[in-house]
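Sequential numbering from 2 applies to the sequence shown in the working numbering.
C-beta atoms are modelled at their ideal positions from N, C-alpha and C, and glycine is treated no differently.
Heads up: the structure comes next, in structure tokens.
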Amino acid sequence: MNRILHLLAMITLTIMTIHIVYNAGKTEESFTYFPTDQKASFHTADTSLTLIGEAANGYTIKWEVSSVLDRKAYLRQDISLLYVNGLLKEKIGQDWKQEEDKIHLDKKIQQDDSANFKAISFHHAELHRNGRITSTQKITHDDLYVLHSTDAPLHSFHQPIGKEDKEWKFVIDQIIQNRLKLALQKAEGKFNINHDQYTVIPLTDMYQFEASTLPGFNEQETKKILGRLWEGIYKNYFLGIKGMDGTTIDPVGSTIPLILIANDQSHLFVISELKNGEAMILRQQIPAH
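Below you can see the structure in the form of structure tokens.
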């Protein structure tokens, strides 16, 4: 338990003044969601986090993202976001690939304290055939906990085994939940949002809708909403966030974006608190069913 209290002392929550970065009319799009290609699919798609071992003043994990489409696509792109204790640590992607079916990305990450690592990836393919443009997509993720202490061996797990793992997981999860709760409370006050009118889902949990549907939507509508959501995430978050003064803000250090889907199914918000204390809020209309 002393180690748990030490972790709480190392990781602190900072309350900062919030400013708005907001496009009330639309969310700009980069890669575009087209109707789902019923013939194309991913042979494989995967995101993995693996503890490599100790490093100077800490430890190293390996972050890998890969996908293989069942055919070469007109355009291919995979992007991935890595959050450590609820804050964006790194992002990886590459230039758009033409006439490609395979993508592999990897990066080594160093960390010096006990932490939870959440990686969420979007795999995308745009296909041109017989004058028609379609797309196919997939979301993958991984979730890793690493315990690093001077009085115990370096240890990692995806799912807790034993009492100590469960205690550490509880403490780290509370830190993450408190950060997201604070970001949501600030958004409610600043932007006059009532979270009771929304379904609130962290971006890192959106992978679950690969195998199910968003509340109130069918499978095809869910795919379209997810595709358009990642369009906005890519252009307005992954590539940099446009500030009110026209400058571009690096998303590294921001909280896991919260996706707020309106109960009336008319729109969604994407909310995140940036490293400098400013707020990012994006609005995206959901077309009528």
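Assignment of alpha helix (DSSP H) within the stretch 161 to 219, counting only whole runs of 4 or more residues, yields 164 to 192 in chain order. Less than 9 Å separates the beta-carbon of Lys225 from that of Tyr34.
By the criterion of a C-beta distance shorter than 6 Å, Gln111 is surrounded in its chain by Ala56, Gly59, Thr61, once the five residues flanking it on both sides are discounted. In the three-state DSSP reduction, Asn237 falls in the helix class (H, G or I). The stretch 190 to 209 and the stretch 259 to 268 touch, with three or more beta-carbon pairs separated by less than 8 Å. Trp64 has Leu50, Lys108 as its beta-bridge partners, per DSSP. Nearest C-alpha to Lys63 among Lys109, Ile80, Thr48: Lys109. Judged by beta-carbon spacing, Leu89 lies beyond the 9 Å limit of Val147, meaning their Cβ atoms are not closer than that value.
Residue state for Lys103 is assigned as strand, using DSSP reduced to three classes. Looking at the DSSP output, Val271 sits in a beta bridge with Ile260, Leu283.
The three-state secondary structure of Gln221, taken from DSSP, is helix. For Val85, the enclosing beta strand (DSSP E) has its first and last residue at 76 to 85.
About 16 Å separates the Cβ atoms of Ala116 and His142, ruling out a contact at the 8 Å cut-off.
Going by beta carbons, Thr137 and Thr37 fall inside the 9 Å limit.
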